[in-house]
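Presented below is the structure to which this report refers.
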Amino acid sequence: MRVAVVTFPGSNCDYDCYKAAQDVLQADSYYVWHREHDLGAAGAPDLVILPGGFSYGDYLRAGAIARFSPIMREVMDFAAAGGLVLGICNGFQVLCEAGLLPGALVRNASLQFRGEGVYMRVENATTAFTSAYAPRQVLRVPIAHGEGNYVADEATLARLEDEGRVVFRYVDAAGEASAEGNPNGSMRNIAGIMNEQGNVLGLMPHPERAIEQLLGSTDGRGVFESIAASLAGVR
Amino acid sequence: MTHSPATSKARPRPGDPEITPELVQLHGLSDEEYGQILEILGRTPTYTELGLFSALWSEHCGYKNSKPLLKKLPTKAPWVLQGPGENAGVIDIGDGLAIAFKIESHNHPSAVEPYQGAATGVGGILRDVFTMGARPIAVLDSLRFGSLTSPRVRYLFAGVVKGVGDYGNCVGIPNIGGEAYFDDAYEGNPLLNAMAIGLVKRDELIRAEAEGVGNPIMAVGARTGRDGIHGATFASVELSEKSHERRPQVQVGDPFTEKLLLEASLELIRSGHIEGIQDMGAAGLASSSTEMAARSGTGVDIDITKMPVRETGMTPYEILLSESQERMLVVARKGHEDDVIAILRKWELEAATIGVVTDDGLYRVREGDAVVCEVPGYPLVTGCPTYVREGREAEEPRRLRAWDPMSLESEGGPAHPTRVLARLLGSPNIASKAWIYRQYDSTVRTNTVEAPGGDAGVLRLRGTRKGIAATVDCNGRYCYLNPRRGGMIAVAEAARNLACVGARPRAVTDNLNFGNPLKPEVYFQLSEAVDGIAEACRRLDTPVVSGNVSLYNENPQGAIYPTPVIGMVGVLEDVSRRMVLGFREPGDAIVLLGRNTGELGGSEYLKVVHGRVGGDAPAVDLDAERALIECLLELADARLLASAHDCAEGGLAVCLAESAMADPLRPLGVAVELEDALPGAPLLFGEAQGRAVVSCGPAELERVLEAARRHGVPAARIGSVGEPDGRFVVRSRSAAAIDAAVGELHEVWSTAIPRMMDRSAAASDVALEPTPTA
Chain H
1 MRVAVVTFPG
11 SNCDYDCYKA
21 AQDVLQADSY
31 YVWHREHDLG
41 AAGAPDLVIL
51 PGGFSYGDYL
61 RAGAIARFSP
71 IMREVMDFAA
81 AGGLVLGICN
91 GFQVLCEAGL
101 LPGALVRNAS
111 LQFRGEGVYM
121 RVENATTAFT
131 SAYAPRQVLR
141 VPIAHGEGNY
151 VADEATLARL
161 EDEGRVVFRY
171 VDAAGEASAE
181 GNPNGSMRNI
191 AGIMNEQGNV
201 LGLMPHPERA
211 IEQLLGSTDG
221 RGVFESIAAS
231 LAGVR
Chain B
1001 MTHSPATSKA
1011 RPRPGDPEIT
1021 PELVQLHGLS
1031 DEEYGQILEI
1041 LGRTPTYTEL
1051 GLFSALWSEH
1061 CGYKNSKPLL
1071 KKLPTKAPWV
1081 LQGPGENAGV
1091 IDIGDGLAIA
1101 FKIESHNHPS
1111 AVEPYQGAAT
1121 GVGGILRDVF
1131 TMGARPIAVL
1141 DSLRFGSLTS
1151 PRVRYLFAGV
1161 VKGVGDYGNC
1171 VGIPNIGGEA
1181 YFDDAYEGNP
1191 LLNAMAIGLV
1201 KRDELIRAEA
1211 EGVGNPIMAV
1221 GARTGRDGIH
1231 GATFASVELS
1241 EKSHERRPQV
1251 QVGDPFTEKL
1261 LLEASLELIR
1271 SGHIEGIQDM
1281 GAAGLASSST
1291 EMAARSGTGV
1301 DIDITKMPVR
1311 ETGMTPYEIL
1321 LSESQERMLV
1331 VARKGHEDDV
1341 IAILRKWELE
1351 AATIGVVTDD
1361 GLYRVREGDA
1371 VVCEVPGYPL
1381 VTGCPTYVRE
1391 GREAEEPRRL
1401 RAWDPMSLES
1411 EGGPAHPTRV
1421 LARLLGSPNI
1431 ASKAWIYRQY
1441 DSTVRTNTVE
1451 APGGDAGVLR
1461 LRGTRKGIAA
1471 TVDCNGRYCY
1481 LNPRRGGMIA
1491 VAEAARNLAC
1501 VGARPRAVTD
1511 NLNFGNPLKP
1521 EVYFQLSEAV
1531 DGIAEACRRL
1541 DTPVVSGNVS
1551 LYNENPQGAI
1561 YPTPVIGMVG
1571 VLEDVSRRMV
1581 LGFREPGDAI
1591 VLLGRNTGEL
1601 GGSEYLKVVH
1611 GRVGGDAPAV
1621 DLDAERALIE
1631 CLLELADARL
1641 LASAHDCAEG
1651 GLAVCLAESA
1661 MADPLRPLGV
1671 AVELEDALPG
1681 APLLFGEAQG
1691 RAVVSCGPAE
1701 LERVLEAARR
1711 HGVPAARIGS
1721 VGEPDGRFVV
1731 RSRSAAAIDA
1741 AVGELHEVWS
1751 TAIPRMMDRS
1761 AAASDVALEP
1771 TPTA
């Protein structure tokens, strides 16, 4: 399996994603610099990860400049052809800015950066990114963002819900989607969504930081394992 | 020192102000120092030269009042690869790996512009680490503020925390620990000390030297503007009611550029195209270029018109002294300039050749063909006069120290120790600091084993079984009452914190925050504290490998508490054997290591309950500290403990409470019975040193006690861990029992700082104005 991790100027979770793909998936992971015009010399990868960080310093708006990077054209073509794209944190913001996912991520309701462990619930365990989880499984994963407050208009939200595209929702320790469990004010406690075709997932929490017990949680492994299963065609 | 005829070439530029005694004074130079400059040059300095001397001979760059004292610190050990004098200290940790680390203050900038002041403090210390060739892997922060009841203080606190967070978060370096104290002594003089740790392969270390005559000198990174001119000089005077006028001297940070510069610098260092690299930090191009030349004994010749600038009309004086952020000075290998530029371009940064390394030992700056500065380089950097001042203890701390806090106890101990405990847990000095560190990314780079909130932060080192741990510590109140003991305690507590997570203490970086050293009472504090630190570092085998001095932390209300912050790094041979502070299982035995001596001097209890600062700082027995550290390390290695926690501010009762409520989802009850023949308050809340509270399964208890005996560490089983959400009960012979629901204690402890900060919203309009000073 080949995994392309896109590095924008200011990406800072590219290394973590690179290692996660290598360690969990035993994948051949490699970096793709944002100025490149293809996603890998050896042809299309099996998975593209847009990692977290502060592409272009989050200047203007998080993700707003990165979406104009040359590589994004390739990412959009790759996604249109059905390739799996995983956007984490800043990567999620870039996907929204690029129009690959609906809605937007605005400043946290607290107006403060939040770096801490949160709980999120698997709302749809039948996707290419979540099949390894049980339905409504509650996961412990870190967040680290200042602009993770998901907003969309009512019609979009209703569609996302109806089509099972709200993939992850913030919950409290008891597994309830309460205000207390919502770290950033996201509408309907939304932590992660996917596109209509189900091949593009964006989420604010960091599954790549939750793959080793030594570091506190292995709950993020399922995202990578699901991707592997999906690619192997054994969903 | 004789003047060389070659130095006579420098001429004033048209439009330069005339060098008058007033102008010299404005540059912070004494008559004596100016006399020395005349002697070095054999003529009147040009305006550019005057600015250069002013910056390099400031306390911040020249350490003129602290250097003789700093010489007393131990700096050597077999594992020390680089001691003080470089951008950062470096220790060998085996497996071909080395750790570079340093702490640095940004106090004055943070006092007038908290957000940018703190942000650029983090930026500067990161650059100090990656210019050694080390990739930054962690940041820690040590903070001091006045009382949170003041709107101005809340504004400063919120701004500093946001500044530290935004910068480190954006660059992507995890914050793994810190400390914060609140005391009126810091009102108007907040302290921001930032520490950075980097990891480097032993054979990829690089030093900041300007080697090789004929090699090109290149400016790399951001362009130079007019921000921060004379920041180093600003940092070397007292704050006053006019300090807010210095806001333009505070630099503005751009963490995005820093991230690019970090990646570009590491790539440059590995590329073999460069000889040396140094941050343009305090005193900017002036200090970086002169220091690099001085280290290698070469000269430099710089054409200031080649420097990339972001505004027009800048004079050589301004360009030399600008402290614009995110810039590096690089000495490249001759003929490799284009390779350097190519690497910088990839990272969307600029590089320009601005000069050349020479063999004449002169520091020469030209503006095109006109020489505006020509100074013998060596005296410029090392000739800064140093002073051994007179130290004399002030009357006030001596009087306070002589007071016996036990005299309060003769009036009877606390009638309601449960309420006292709750008040202590709600004191911002003891309360949960999550309000601070939840604004920091502590898990980026996926190495963080223990995030902030424990005794020390712990990182694993990929590709090895090892880990490193780090902490920052200092109790300024102890240092005020007894600076020697306070200095020793800062070191001992840092070492104990590391041992409590299972790490062997290895080396220190120190940040000496003091008032005006020209005042005998301040110089006394500085000298005594350094003596205390030196003694403790010697005894605990933790040499000082880097550090920073921040003096003149005074305003018209007086000086800060002497605050020598100790940053310490330790090594875990097997990171899976780390320990945590939280109790684990109901029924586990709770053991006190060390002895309760009931010392109340300088305690949080006296301050919070009686409103008093007094008594002597707790006694320190360095042999006992050493034995405790060895004992903890053995217990960690044998995996005998479920938890270990240093006993510090708030004493034994607070220590037990912190271990009980460490897991907010599953706080555990406690049943403790203390046998000591001590009055209630000193026993429960006294801050005797050399103690730790550990817990273990009942089956391990005998082995734990036996290990303690072998190390000569007093140890006693004092109770058991209770049920989840149970009662927290501590009984003693001489006081009523502490008896509270552990969940309620957690509520008080975890909400204290957020509650105080929530008030700031209503008061933010007044908070933006500086407090009027008398």
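Residue numbers (the numbering used here), protein chains in the order written: chain H, 1 to 235; chain B, 1001 to 1774. We put the beta carbon where it would ideally sit given N, CA and C, even for glycine.
CB contact check: residue i to chain B, cutoff 7 Å
{"i": "ASN108/H", "result": "no"}
{"i": "GLU116/H", "result": "yes"}
{"i": "PRO9/H", "result": "yes"}
{"i": "TYR181/H", "result": "Here residue 181/H is Gly; the residue named in the question, Tyr, does not match the sequence. GLY181/H does not count as touching chain B."}
{"i": "ALA173/H", "result": "yes"}
{"i": "LEU209/H", "result": "The question names Leu, but residue 209/H is Arg in the sequence shown. With 7 Å as the cut-off, ARG209/H counts as an interface residue toward chain B."}
Contacts around residue i, its chain only, beta-carbon distance under 8 Å, and the 5 residues preceding and following it disregarded
{"i": "PRO1308/B", "result": "ALA1219, ARG1223, THR1224, GLU1350, ALA1352"}
{"i": "CYS1373/B", "result": "ALA1010, THR1046, THR1048, GLU1049, LEU1052, PRO1316, LEU1320, TYR1363, ARG1364, VAL1365"}
C-alpha gap between residue i and residue j, whole angstroms
{"i": "PRO70/H", "j": "SER1265/B", "result": "25 Å"}
{"i": "PHE1583/B", "j": "GLY1487/B", "result": "31 Å"}
{"i": "GLY1083/B", "j": "ALA1208/B", "result": "13 Å"}
{"i": "VAL1080/B", "j": "ALA1589/B", "result": "39 Å"}
{"i": "ALA1394/B", "j": "ALA1185/B", "result": "16 Å"}
{"i": "THR1771/B", "j": "PRO1190/B", "result": "In this prediction, THR1771/B has a pLDDT of 38, which is less than 50 and means its spatial position is unreliable; what the coordinates show is noted afterwards. Each residue's alpha carbon lies about 13 Å from the other."}
{"i": "LEU84/H", "j": "ASP1166/B", "result": "31 Å"}
{"i": "GLY1331/B", "j": "ARG159/H", "result": "Going by the sequence as given, residue 1331/B is Val instead of Gly. Each residue's alpha carbon lies about 59 Å from the other."}
{"i": "SER1324/B", "j": "HIS1108/B", "result": "16 Å"}
{"i": "MET194/H", "j": "ARG221/H", "result": "18 Å"}
{"i": "MET72/H", "j": "ALA4/H", "result": "13 Å"}
{"i": "LEU1656/B", "j": "LYS1072/B", "result": "38 Å"}
{"i": "THR1007/B", "j": "VAL1375/B", "result": "Caution applies to THR1007/B, whose pLDDT of 49 falls short of 50 and renders its modelled position unreliable; the model cannot decide the point."}
{"i": "LEU1632/B", "j": "GLY1502/B", "result": "7 Å"}
CB contact below 7 Å: residue i versus chain H
{"i": "GLU1409/B", "result": "no"}
{"i": "ILE1356/B", "result": "Just to set this straight, residue 1356/B is Val in the shown sequence, not Ile. Cβ-Cβ to chain H under 7 Å: no for VAL1356/B."}
{"i": "TYR1440/B", "result": "yes"}
{"i": "THR1353/B", "result": "no"}
{"i": "TRP1443/B", "result": "In the sequence as presented, Trp is not what sits at residue 1443/B; that position holds Thr. Yes - at least one Cβ of chain H is within 7 Å of the one on THR1443/B."}
{"i": "ALA1774/B", "result": "With a pLDDT of 31 at ALA1774/B, under the threshold of 50, the modelled position of this residue cannot be trusted, and the question is left open."}
{"i": "GLY1168/B", "result": "no"}
{"i": "PHE1157/B", "result": "no"}
{"i": "THR1464/B", "result": "no"}
{"i": "LEU1779/B", "result": "This structure does not reach residue 1779/B, given that chain B is present from 1001 up to 1774, and the question cannot be answered."}
{"i": "VAL1449/B", "result": "yes"}
Backbone secondary structure at residue i - three-state DSSP
{"i": "ALA1671/B", "result": "strand"}
{"i": "ASN1548/B", "result": "strand"}
{"i": "PRO1045/B", "result": "coil"}
{"i": "ARG1327/B", "result": "strand"}
{"i": "MET1195/B", "result": "strand"}
{"i": "CYS96/H", "result": "helix"}
{"i": "THR1464/B", "result": "coil"}
{"i": "MET1406/B", "result": "helix"}
{"i": "PHE1583/B", "result": "coil"}
{"i": "ARG1485/B", "result": "helix"}
{"i": "PHE1053/B", "result": "helix"}
Sheet register partners of residue i (DSSP bridge)
{"i": "HIS145/H", "result": "ARG114/H"}
{"i": "TRP33/H", "result": "THR7/H"}
{"i": "VAL223/H", "result": "In DSSP, VAL223/H forms no bridge with anything."}
{"i": "MET72/H", "result": "BP columns for MET72/H are empty, so no partner."}
6 Å CB neighbourhood of residue i in its chain, flanking five on each side removed
{"i": "ASN182/H", "result": "TYR170, ASN189"}
{"i": "VAL24/H", "result": "ILE211, ARG221, PHE224"}
Close-in-space but distant-in-sequence residues of the same chain around residue i (CB under 7 Å, 5 per side omitted)
{"i": "ASP1663/B", "result": "GLY1582"}
{"i": "ASN1065/B", "result": "GLU1059, TYR1387, ARG1389, PRO1517, LEU1551"}
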